[in-house]
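**Student:** The structure's right below; bear with me while I get my questions together.
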Amino acid sequence: MPAKQERRLRVGVLGAGQIAQAAHFESCTKAANADLYAICDVADDLRERMVITHGAEKSYNDYDRMLADPDVEAVIIATADAFHVPASLRALEAGKHVLCEKPVGVTVEECVALKAAVERSGKVFQVGHMKRFDAGLQAAKSFIADEMGEMVALKAWYCDSTHRYPMTDAVQPLVITSANAKKPTTNPKADLRRYYMLAHGCHLIDTARYFAGDIIAVQARLSERAGIWCWFVDVEFASGTLGHLDLTVQVRMDWHEGFQIYGRNGSVLGKTYNPWYYKTSEVDIFREADGATHRVLGADGHFYRRQVEGLARAILDGTPMEGADIDDGLASVRAMVAIARSVETGKPVALANVTGGV
Numbered sequence: 004m005p006a007k008q009e010r011r012l013r014v015g016v017l018g019a020g021q022i023a024q025a026a027h028f029e030s031c032t033k034a035a036n037a038d039l040y041a042i043c044d045v046a047d048d049l050r051e052r053m054v055i056t057h058g059a060e061k062s063y064n065d066y067d068r069m070l071a072d073p074d075v076e077a078v079i080i081a082t083a084d085a086f087h088v089p090a091s092l093r094a095l096e097a098g099k100h101v102l103c104e105k106p107v108g109v110t111v112e113e114c115v116a117l118k119a120a121v122e123r124s125g126k127v128f129q130v131g132h133m134k135r136f137d138a139g140l141q142a143a144k145s146f147i148a149d150e151m152g153e154m155v156a157l158k159a160w161y162c163d164s165t166h167r168y169p170m171t172d173a174v175q176p177l178v179i180t181s182a183n184a185k186k187p188t189t190n191p192k193a194d195l196r197r198y199y200m201l202a203h204g205c206h207l208i209d210t211a212r213y214f215a216g217d218i219i220a221v222q223a224r225l226s227e228r229a230g231i232w233c234w235f236v237d238v239e240f241a242s243g244t245l246g247h248l249d250l251t252v253q254v255r256m257d258w259h260e261g262f263q264i265y266g267r268n269g270s271v272l273g274k275t276y277n278p279w280y281y282k283t284s285e286v287d288i289f290r291e292a293d294g295a296t297h298r299v300l301g302a303d304g305h306f307y308r309r310q311v312e313g314l315a316r317a318i319l320d321g322t323p324m325e326g327a328d329i330d331d332g333l334a335s336v337r338a339m340v341a342i343a344r345s346v347e348t349g350k351p352v353a354l355a356n357v358t359g360g361v
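Per the numbering used here, residue 4 is the first one in the sequence shown, and the count goes up by one each step.
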């Protein structure tokens, strides 16, 4: 890991559950320009264990007390989805910068209200779509912007595997749980159609938008057979690019995620790995100009750490936002809701017209 810089962003993490343990605590301690300053969780046993393990300076069992700490400059919200918007609003009101886990919210209306609060605050607000910090995807993005010319079509797929847990359990840290942890009033996994879309669909949608820009309408079909949820989504991009998305959970094969992009002056083919392998996507960029394929090799694959470093650069150095902002987060939620409405009606749905949640 790179050496720590002299000036570093002091980060407080809200929530000491799985995503914080697997990603955010380590990312803050390893980031060159950030520190894990504080951990906040109502489960005293879990929080204190994490403070000792990761070396946080401060420990809080009350969110408002952490927000009142003047040394906390930014907050990572690593809670259940239902708490994302309320926790983000309180952080912004307290004058803190925010990195909120994806999805940024669960309804269009609460995300619209959050967008207004972000704009009023003047603070940096980043959504945890960490795939934007995958060096392979970034190379593809640069090629699309600088060389490829007009994009004709994009196909992208995100297929979770029945074998993902035995494989990821081997590489993830042991996740510690507590009976005292705060949980949503309803079990998020009680409705798997909704849960899979919020947990996985937002990644697929953000990747498509990262490459091809705004989505204005979708038409979706859903198959729920053999214990497999499969969404096929035809996408209308504002640019005129033809789009197709495949979200399938769980395939009877290895993790299967990637994309194909066709453009005037070249094409891109990408294979993305399960994120817990911290392995950069294999992205082949074909340039028509020289008739050759190029691939980024040996790239830094710690997307979560790079995400924190991007947030810190935007706050400390005033650099342009590299990650997803509130508009990207809202657009992702709108797209997920539109897909759900299209499945229900069997008709195309415009994102601008959707209300409610998935």
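Positions of the beta carbon are idealized from the N, C-alpha and C atoms, including for glycine.
Would you call Val88 buried or exposed, if buried means 16 or more other Cβ atoms sit within 10 Å of its Cβ?
**Tutor:** Burial call: buried.
**Student:** Alpha carbon to alpha carbon, how far is Val254 from Asp163? Give it in angstroms, no decimals.
**Tutor:** Computed Cα separation, rounded: 6 Å.
**Student:** Decide if Ala256 is buried, meaning its Cβ has at least 16 other Cβ atoms within 10 Å, or exposed.
**Tutor:** Here residue 256 turns out to be Met, not Ala, going by the sequence shown. Exposed, since its Cβ has fewer than 16 Cβ neighbours within 10 Å.
**Student:** Tell me, please, whether the CB atom of Ala317 is closer than 9 Å to any CB atom in chain B?
**Tutor:** In the displayed structure, chain B is absent; only one protein chain is listed.
**Student:** If you reduce the DSSP assignment to three classes, tell me which class Arg279 lands in.
**Tutor:** Going by the sequence as given, residue 279 is Trp instead of Arg. Trp279 falls in the helix class under three-state DSSP.
**Student:** Give me whichever residues DSSP pairs with Glu285 in a beta bridge.
**Tutor:** Paired residues: Lys274.
**Student:** Is Asp38 close to the ligand NAD? I mean its beta-carbon at under 8 Å from any heavy atom of the ligand.
**Tutor:** Absence of the ligand NAD is noted for the structure shown, with no ligands found whatsoever.
**Student:** In the DSSP assignment, what residue or residues form a beta bridge with Leu225?
**Tutor:** Its beta-bridge partners are Trp234.
**Student:** Can you list the beta strand (DSSP E) stretches of 3 or more residues lying completely in the segment 284-353, in chain order?
**Tutor:** List check, beta strand (DSSP E) in window: 285-290, 295-297.
**Student:** Quick one, are the C-beta atoms of Ile218 and Leu117 less than 9 Å apart?
**Tutor:** Their beta carbons are not under 9 Å apart, which means Ile218 does not touch Leu117 by this criterion.
**Student:** Between the beta-carbon of Leu39 and the beta-carbon of Val16, is there less than 9 Å?
**Tutor:** Yes. Within cutoff.
**Student:** Are the beta-carbon atoms belonging to Gly301 and Cys114 less than 9 Å from one another?
**Tutor:** Not closer than 9 Å, so no.
**Student:** On a CA-only basis, which of Tyr199, Lys99, Trp232, Lys192 is nearest Pro1? Give me that one, please.
**Tutor:** Because residue 1 is not part of the residues shown, which for the chain are 4 to 361, the question remains open.
**Student:** Determine the extent of the beta strand (DSSP E) in which Asp38 is found, giving its start and end residues.
**Tutor:** Looking at the DSSP string, the run of the beta strand (DSSP E) that includes Asp38 is 37-43.
**Student:** Is it the case that the segment 141-151 contacts the segment 257-271, given that we only count it when at least three CB pairs across the two stretches are under 8 Å?
**Tutor:** Enough Cβ pairs lie closer than 8 Å, so yes.
**Student:** Which residue or residues does DSSP assign as beta-bridge partners of Lys61?
**Tutor:** Answer is Ala41, bridged to Lys61.
**Student:** If you reduce the DSSP assignment to three classes, tell me which class Ser145 lands in.
**Tutor:** Ser145 falls in the helix class under three-state DSSP.
**Student:** Hey, is the segment 206-225 in contact with the segment 343-350, meaning 3+ C-beta pairs nearer than 8 Å?
**Tutor:** The segment 206-225, when compared against the segment 343-350, does touch it at the 8 Å Cβ threshold.
**Student:** Using only the alpha-carbon positions, how far apart do Leu207 and Tyr280 sit?
**Tutor:** Those two C-alpha atoms are separated by around 18 Å.
**Student:** Between the segment 27-35 and the segment 5-12, do three or more beta carbon pairs fall short of 8 Å?
**Tutor:** Enough Cβ pairs lie closer than 8 Å, so yes.
**Student:** Do Ala94 and Ile80 have their beta-carbon atoms positioned less than 9 Å apart in this structure?
**Tutor:** Yes, the pair counts as a contact, with Cβ atoms nearer than the cut-off.
**Student:** Give the DSSP-derived three-state secondary structure of Ser124 in the structure shown.
**Tutor:** Note: Ser124 maps to helix in three-state DSSP.
**Student:** Which residues bound the alpha helix (DSSP H) around Thr210?
**Tutor:** Counting along the chain, the alpha helix (DSSP H) containing Thr210 begins and ends at 205-215.
**Student:** Measuring alpha carbon to alpha carbon, tell me which of Gly20, Ser284, Val236 ends up nearest Asp137.
**Tutor:** The option with the nearest alpha carbon to Asp137 is Ser284.
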